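Top line first, the protein sequences correspond to chains A and B.
Heads up, the first sequence is in this note's numbering, so the first residue is 1 and it goes up one at a time.
Heads up, the second sequence is in this note's numbering, so the first residue is 1 and it goes up one at a time.
Have a look at the structure below, then the notes.
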Amino acid sequence: MIIIPQNIIESIIEQAQRELPDEACGLLAGKENEAVKQYPLTNIDHSPEHFSFDPKEQFQVLREARKEGLQIIANYHSHPESPARPSEEDIRLAYDPDIIYIILSLQDKQSPVIKAFKINNGKSEEISIIQKTV
Amino acid sequence: MAKITVNGKTQEIEDNATLAKLIVSNNISQPDMVSIQLNEEFILKNDYGSITLKDGDTVDFLYFMGGGQ
Numbered sequence: 001m002i003i004i005p006q007n008i009i010e011s012i013i014e015q016a017q018r019e020l021p022d023e024a025c026g027l028l029a030g031k032e033n034e035a036v037k038q039y040p041l042t043n044i045d046h047s048p049e050h051f052s053f054d055p056k057e058q059f060q061v062l063r064e065a066r067k068e069g070l071q072i073i074a075n076y077h078s079h080p081e082s083p084a085r086p087s088e089e090d091i092r093l094a095y096d097p098d099i100i101y102i103i104l105s106l107q108d109k110q111s112p113v114i115k116a117f118k119i120n121n122g123k124s125e126e127i128s129i130i131q132k133t134v
Numbered sequence: 001m002a003k004i005t006v007n008g009k010t011q012e013i014e015d016n017a018t019l020a021k022l023i024v025s026n027n028i029s030q031p032d033m034v035s036i037q038l039n040e041e042f043i044l045k046n047d048y049g050s051i052t053l054k055d056g057d058t059v060d061f062l063y064f065m066g067g068g069q
């Protein structure tokens with residue numbers, strides 16, 4: 001389970017819509033399983049079908065979060081035209097077993113769908129997202 | 001022994017341990033997919049075996065993150 005404030009979820013959706021047709025991506029920092037801060041990152045692939053983080057930005061975010069006493073607990077990316085489930089490529093490239101993988105689907109532009117997963121050893125398991133009203 | 005900081009946490013390592021050894025002792029299962037900064041400088045993969053760590057060093061491991069729909 002991961003707890004995400006509603007304003008962060010709304011902000012992820014706004015970023016994903018703004019970056020269409022490309023996939024959008026970023027990191028969530030927090031404590032244990034509660035996200036408190038969103039860090040939008042550059043999709044250096046600039047692609048509607050792929051994303052990669054810029055390692056330089058990743059390190060910057062890691063340090064910023066650490067300074068605030070937070071840890072990176074999740075990454076997120078959007079699927080502009082497919083469902084909110086990890087693709088084969090998402091699973092293949094999920095190297096960090098400790099992080100939560102969040103996927104936002106904009107397949108239905110009027111009703112974005114956001115889901116969270118743990119991915120380990122080639123297997124994904126959906127976990128619940130608790131939206132926290134702030 | 002030397003005290004270093006790895007991903008924000010203090011670790012004790014043997015004197016003159018290399019980055020390559022640190023990767024093994026930290027159970028990094030896919031080292032090819034990890035970027036490493038030593039004292040905020042990127043380190044080339046070819047140098048992992050030759051760089052020795054010293055007291056007070058700060059090491060950050062970051063997994064590559066990417067995917068596709």
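Using N, Cα and C, we set each Cβ at its ideal position, and we do this for glycine too.
Note that the coordinates shown come from a computational prediction; the quantities given were computed from them, not determined experimentally.
>> Using beta carbons (cut-off 9 angstroms, strictly below), is residue 47 (chain B) in contact with chain A?
In response: What you label residue 47 (chain B) is simply residue 47 of the second sequence in a count that begins at 1. So, not an interface residue.
>> So, with DSSP's three-state summary, where would you put residue 109 (chain A)?
In response: Position 109 of the first sequence, counting from 1, holds the residue named residue 109 (chain A). Correct three-state label for residue 109 (chain A): coil.
> Under a Cβ-count criterion, where at least 16 other Cβ atoms within 10 Å of its own Cβ denotes burial, should residue 65 (chain B) be classed as buried or exposed?
Replying inline: The residue given as residue 65 (chain B) occupies position 65 in the second sequence. With 16 or more Cβ atoms within 10 Å of its Cβ, residue 65 (chain B) is classed as buried.
> What distance in whole Å lies between the Cβ atoms of residue 78 (chain A) and residue 106 (chain A), which are believed to be in contact at a cut-off of 8 angstroms?
Replying inline: The count along the first sequence starts at 1 and reaches residue 106 (chain A) at position 106. The count along the first sequence starts at 1 and reaches residue 78 (chain A) at position 78. Indeed they touch by this definition, with Cβ atoms about 6 angstroms apart.
>> For chain A, check one thing: does any of its Cβ atoms lie closer than 9 angstroms to the Cβ of residue 66 (chain B)?
In response: The count along the second sequence starts at 1 and reaches residue 66 (chain B) at position 66. Yes, residue 66 (chain B) lies at the interface with chain A (some Cβ there is under 9 angstroms from its Cβ).
>> With H, G and I counted as helix, E and B as strand and the rest as coil, what does DSSP make of residue 55 (chain A)?
In response: By one-based count along the first sequence, residue 55 (chain A) stands at place 55. If DSSP states are grouped into helix, strand and coil, residue 55 (chain A) belongs with the helices.
>> Let me confirm a value: residue 44 (chain B) is counted as buried when at least 16 other C-beta atoms fall within 10 Å, else exposed. Which label applies?
In response: Numbered from 1 along the second sequence, position 44 holds the residue referred to as residue 44 (chain B). Its Cβ having fewer than 16 others within 10 Å, residue 44 (chain B) is exposed.
> From B:15, B:42, B:26 and B:31, pick the residue whose C-alpha is nearest to that of residue 135 (chain B); which is it?
Replying inline: Beyond the ends of chain B as shown, which are 1 and 69, falls residue 135 (chain B); an answer cannot be given.
>> Give me the chain A residues within the contact set of residue 60 (chain B), using Cβ-Cβ distance strictly less than 9 angstroms, ordered along the chain.
In response: Counting from 1 along the second sequence, the entry for residue 60 (chain B) is found at position 60. By Cβ distance, chain A contributes 59, 62 and 63.
> Nearest CA to the CA of residue 50 (chain B): which residue from B:42, B:19 and B:9?
Replying inline: Within the second sequence, residue 50 (chain B) is the residue found at index 50, counting from 1. Of the candidates B:42, B:19 and B:9, the one whose C-alpha sits nearest the C-alpha of residue 50 (chain B) is B:19.
> When burial is assigned at 16 or more other CB atoms within 10 Å of the CB, is residue 53 (chain A) buried or exposed?
Replying inline: Here residue 53 (chain A) corresponds to residue number 53 of the first sequence, with the count starting at 1. It counts as buried.
> Does the count of Cβ pairs from the segment 21 to 41 of chain B and the segment 36 to 47 of chain A closer than 8 angstroms reach three?
Replying inline: no
>> I want to verify the contact list: residues of chain B whose CB lies under 9 angstroms from the CB of residue 87 (chain A), in sequence order.
In response: Position 87 of the first sequence, counting from 1, holds the residue named residue 87 (chain A). Under the 9 angstroms cutoff, chain B gives 67, 68 and 69.
> What residues are listed by DSSP as bridge partners for residue 125 (chain A)?
Replying inline: Within the first sequence, numbered from 1, the residue matching residue 125 (chain A) stands at position 125. Answer by DSSP bridge pairing, in chain order: A:118.
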